[in-house]
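Numbered per this note's numbering, the sequence shown spans residues 48 to 262. Each residue gets a CB set at the ideal place from its N, CA and C atoms; glycine is no exception. As the structure is a prediction and not an experimental result, all values here were calculated from the model.
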Amino acid sequence: LKLLGEQPPEIVFFEFVSLPEGSMSTRAGKFVSADALIEEVTAKAFEEVTVRRPELPEEERRSIAKSVAIAAIRYDIVKVSPEKSTVFDWKEALDFERQSGPYIQYAHARACSILEKAGEFEQAYHYETEHEIALARHLARFPAVIEQAVEELRPHLLAFYARELADLFNAFYHYDPVLKSEGETRKSRLTLVDAVRNTLKESLETLGIYALRSM
């Protein structure tokens, strides 16, 4: 990297991560490896995906479950400031309805689904409603958030931003119809959905989380 004139990556160390059962200790034999944790959370994720999408082939459900499990673990750790210790609770980390990694993945998948159903459209930028404006303003903050997270080596800033974006997008989706709207309003809302899709994808992948298109 130095020969290419590039700076080597800086490592961010996180504080201790414990489980709800208590602190881990190698001396006391209370230690869970990363592989064991991933395996357990993947099994729980598979159960959740099967309940939500029973029509999918088992292989596809297992693939989604693996990505969801990694998202749950990564996000639950990175959402906390590096200097603070944290407790990993798989029930909260895997909750699709709460502010978790899978919750953000699901928002991205929802945006992808809307755009797939909409087909081709011309971009437009005419926003009037409270939720349209709030979403557009939050999207505009993305470059500054990325820059701050990189300069300060604080990835939790991006994690928090992505969670807020998912919140705002879900509120927008609930109150402002997209596919059922018409004319300039429909074009503008689809443009907004596409911007959300792209920004969530960039945010998730920067955090090392796969941006699923279907869940």
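Check: Residue burial classification, threonine 176 (beta-carbon count within 10 angstroms, cutoff 16); Outcome: exposed
Check: Under 8 Å between C-beta atoms of alanine 209 and leucine 251; Outcome: yes
Check: Nearest neighbour of arginine 244, chosen from Ile151, Val192 and Thr232 [CA to CA]; Outcome: Ile151
Check: Any non-hydrogen atom of the ligand NAP within 7 Å of asparagine 217 CB; Outcome: No copy of the ligand NAP occurs in the structure displayed, which carries no ligand at all.
Check: Limits of the alpha helix (DSSP H) - the one that tyrosine 220 falls within; Outcome: 203-222
Check: Minimum C-alpha distance to lysine 113 - residue among Thr232, Lys91 and Pro104; Outcome: Lys91
Check: Residue environment, tyrosine 174, which counts as buried when at least 16 other CB atoms sit within 10 Å; Outcome: buried
Check: Helix, strand or coil at valine 134 [DSSP, three-state]; Outcome: strand
Check: Assigned exposure category for valine 96 - 16 Cβ within 10 Å defines buried; Outcome: buried
Check: Spatial distance of serine 14 from valine 134 (CA atoms); Outcome: The shown model of the chain, from 48 to 262, leaves out residue 14, and the question about it has no answer.
Check: Buried or exposed (CB count within 10 angstroms, at least 16 for buried), glycine 166; Outcome: exposed
Check: Bridge partner(s) assigned by DSSP for serine 80; Outcome: None; serine 80 has no bridge partner.
Check: Sequence-distant residues of its chain with Cβ nearer than 7 Å to alanine 218 (five each side left out); Outcome: His178
Check: Residues that DSSP places opposite serine 261 in a beta bridge; Outcome: Answer by DSSP bridge pairing: none, since serine 261 is not bridged.
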